[in-house]
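Here's the structure we're looking at; comments come further down.
Numbering (mature numbering (1 follows the signal peptide of the UniProt record, and there is no 0)), first residue to last: -27 to -1, 1 to 494.
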């Protein structure tokens, strides 16, 4: 395809630019970029994370915004995160997957792509940050936030499929920009709807360069340098080279669009999840004698009135903030991937999306928390000034000197998978703003890959500030849309569940097997 050739031709130019950045004349490019980014990200964070006074504590209003929405949808939808869980498993298994339905990918690949976008190095390093800042009790509230977030995810992903746009070439485009526009257009405000959609899309384009790009490559680079010699590592002063490698790999995958991204995600997500879960369980098992005390510490700290880390309210704030940052419920990113699913029943994909926060937060983040609490606390690692992924790595290394290596592999897979998913999110927002013309798409892909490399040259604090601010900012218009559509989605979900129970939705697994068995007797 012409678009592919044009995209590939852009890589030599990108390589030349990055090599120039490492020349003696600009040897301090990373410090220059850091100096440029820091005041910008600090200003944005001051607005997005403006703190309100609540029970004597300073709480970022954006965290309240997301937490209240997650709680509201859980109750309003009748605890769908519990009663719909079994059906979600059957759906992702393919029981109701109609290959002739409109769309591009299966239920499994859709959820794998979305999970690849949420399960990133934040699940390893971000959880450690939450425990350092909010204490062990943050782990408890992180799980609670993950449970509640399942309902928010269901509402937004149902909308993503219901209001998606079918393109002439058979591809689809969906996400908050489309359902926000549809809501207001149907009520006689097309210009306002388009404006709100563009606001969301613009924020997502900027945000995708942080959470799904620079943050991921930065943390993967830090871990890679650590296991290859630290300051003595060949890559210690060559972040551009590591970034170029990630950018090239991501570029090759995103070249093929959602089908290519979903195919890779469908293989990487199970692999990285199994690798990390098994590794974490082994480390926890080796500290089994500390598990009862660790659980007691987590629960008691979660409800402690006073502590050095802010007590119960402090733990709730930090736990919710980290969980919502991790599973992205309410941000509207996941509906973009889910909108590509093959289905005539939008509610079916909403139910499938329940599994994302469960996998990302309730399972993986919980394991990361336990690794730290059962290992780092008894071993005194909390007093060594470690933060982020370095603390998690030290907890793994406490039992096995080689443990950071599988952790580094998991971190690299997490970073890679998150980047390819977020490239698709950003691309769909970009095409909404401009056009779905191949040239327009390729411009975005080159910019995205360039920012991956730049992320390896920026210090952790600037990346965190930039990523957090942009990611939480886009939740504002999205959550508003979810409230507007809540009654409609509640009817859709309940109707679909009722039709499944009545046998009106074709089960391709059990019914086809029964049919074949009947004709062969």
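Note that CB positions come from ideal geometry on N, CA and C, so glycine has one too.
DSSP state of residue i mapped onto helix, strand, coil
i           : result
residue 327 : coil
residue 294 : helix
residue 72  : coil
residue 175 : helix
residue 146 : strand
residue 141 : coil
residue 460 : helix
residue 315 : coil
residue 289 : helix
residue 109 : coil
residue 478 : coil
residue 260 : coil
residue -21 : Low per-residue confidence applies at residue -21: pLDDT is 46, beneath 50, and the placement is therefore not dependable enough to give any value.
residue 406 : helix
residue 344 : helix
Residue environment, residue i, which counts as buried when at least 16 other CB atoms sit within 10 Å
i           : result
residue 371 : buried
residue 240 : exposed
residue 261 : exposed
residue 479 : exposed
residue 412 : exposed
residue 23  : exposed
residue 317 : exposed
residue 73  : exposed
residue 202 : exposed
residue 468 : exposed
residue 414 : buried
residue 474 : exposed
residue 399 : buried
residue 26  : exposed
residue -4  : Residue placement at residue -4 is poorly supported in this model, since its pLDDT is 46, which falls under 50; the coordinates still yield a value, given next. Residue -4 is exposed by the Cβ-count criterion.
residue 55  : exposed
residue 276 : exposed
residue 143 : exposed
residue 41  : exposed
residue 20  : exposed
residue 421 : buried
residue 476 : exposed
residue 183 : buried
residue 417 : buried
residue 16  : exposed
Residue nearest to residue i in terms of C-alpha spacing, selected from the options
i           : options               : result
residue 165 : 178, 150 and 179      : 150
residue 32  : 172, 115, 288 and 218 : 288
residue 141 : 167, 75 and 302       : 75
residue 396 : 383, 69, 445 and 228  : 228
residue 226 : 450, 359, 393 and 457 : 393
residue 445 : 38, 27, 25 and 8      : 38
residue 455 : 79, 18 and 155        : 155
residue 13  : 443, 26 and 296       : 443
residue 319 : 70, 45 and 276        : 70
residue 65  : 132, 153 and 314      : 314
residue 238 : 335, 387 and 419      : 387
residue 200 : 339, 158, 381 and 191 : 381
residue 61  : 44, 80 and 464        : 80
residue 332 : 15, 58, 34 and 44     : 58
C-beta atoms of residue i and residue j nearer than 8 angstroms
i           : j           : result
residue 307 : residue 321 : no
residue 518 : residue 406 : As shown, the chain starts at -27 and ends at 494. That puts residue 518 outside it, with no answer to give.
residue 270 : residue 344 : no
residue 312 : residue 148 : yes
residue 235 : residue 404 : no
residue 185 : residue 300 : no
residue 285 : residue 110 : yes
residue 112 : residue 342 : yes
residue 126 : residue 330 : yes
residue 108 : residue 295 : no
residue 146 : residue 138 : yes
residue 425 : residue 258 : no
residue 450 : residue 49  : no
residue 389 : residue 377 : no
residue 177 : residue 383 : no
residue 36  : residue 290 : yes
residue 128 : residue 46  : yes
residue 303 : residue 297 : yes
residue 219 : residue 252 : no
residue 197 : residue 328 : no
Rounded Cβ spacing between residue i and residue j (contact assumed at less than 8 angstroms)
i           : j           : result
residue 391 : residue 122 : Not a contact, Cβ separation roughly 17 angstroms.
residue 77  : residue 231 : 6 angstroms
residue 470 : residue 323 : That belief does not hold up - the Cβ atoms of residue 470 and residue 323 are roughly 11 angstroms apart, past 8 angstroms.
residue 337 : residue 92  : 6 angstroms
residue 194 : residue 212 : 6 angstroms
residue 438 : residue 124 : About 29 angstroms; that fails the 8 angstroms criterion.
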